[in-house]
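To start, the structure itself, in structure tokens.
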């Protein structure tokens with residue numbers, strides 16, 4: 015079993031829909047990252063969380079340390095949000111990654 | 020500020036050769052981390068350098084090595100290349116050491132034939 019599990023693996027949505035991507039982990043962590051990767055490989059760090067909730071524009075990330083679970087929400091989704099979203103945890107002085115969620119937003 | 024740069028962007032090597040990849044962090048950033056991304060294994064942590072010292076290392080064989088210079092630029096080296104080393108190699112820099120927010124470079128796509 016992977017230490018970082020993401021769901022769903024693939025997600026297709028219509029423009030304007032509210033989207034949730036989930037991440038569960040099984041190790042003790044010092045922080046959790048949400049990353050966005052567009053075709054071509056470039057990665058952008060969206061959030062780094064160690065507790066609570068963060069919001070940036072239409073993106074919201076939450077983490078529940080006791081339940082070892084984080085969610086990434088996208089409100090009013092747009093085709094430009096189409097990308098792979100990756101959850102990563104900082105644990106034991108290294109980074110462990112989820113397999114990613116491929117999001118496609120259709121106009 | 021200029022972003023993280025990586026050179027070369029694309030590289031084709033033959034099995035058994037060695038390769039050196041370079042990463043220039045954002046000005047003022049002292050931490051550089053390296054990652055390997057493959058379709059089968061996804062993203063995996065290679066190592067992290069902070070102020071010229073390797074602070075953390077992932078579970079990779081000794082053929083993978085790196086260093087960081089006094090200007091924070093970093094290089095990673097892979098010796099005796101294997102087909103399985105074909106991957107996208109990403110570096111990321113941050114102002115402080117692990118686990119602070121990281122800024123990723125565009126990656127170097129290495130193909131081993």
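Chains as they are written, first to last, in the working numbering: chain A, 15 to 121; chain B, 20 to 132. We treat Cβ as the ideally placed atom computed from N, Cα and C, and that holds for glycine.
Asked, Found
"I want to verify the contact list: residues of chain B whose CB lies under 8 Å from the CB of residue 21 of chain A, in sequence order.", "Near residue 21 of chain A there are no residues of chain B at all, since even the closest Cβ is about 15 Å away, more than 8 Å."
"By how many angstroms is the C-alpha of residue 108 of chain B removed from the C-alpha of residue 39 of chain B?", "11 Å"
"Excluding sequence positions up to five away, which residues of its chain have a Cβ less than 6 Å from the Cβ of residue 114 of chain A?", "98, 100"
"Which chain A residues are close to residue 121 of chain B, counting only those with a beta carbon under 7 Å from its beta carbon?", "59"
"Who does residue 29 of chain B pair with in a DSSP beta bridge?", "B:128"
"Residue ranges of each beta strand (DSSP E) run of no fewer than 3 residues wholly in the region 55–113 of chain B, ordered along the chain?", "61–69, 72–76, 83–87, 93–97, 106–113"
"Would you check if there are 3 or more beta carbon pairs closer than 8 Å linking the region 27–37 of chain A to the region 78–85 of chain A?", "yes"
"Below 8 Å between beta carbons: does that hold for residue 121 of chain A and residue 19 of chain A?", "no"
"Can you name the residues of chain B whose CB is closer than 8 Å to the CB of residue 113 of chain A?", "61"
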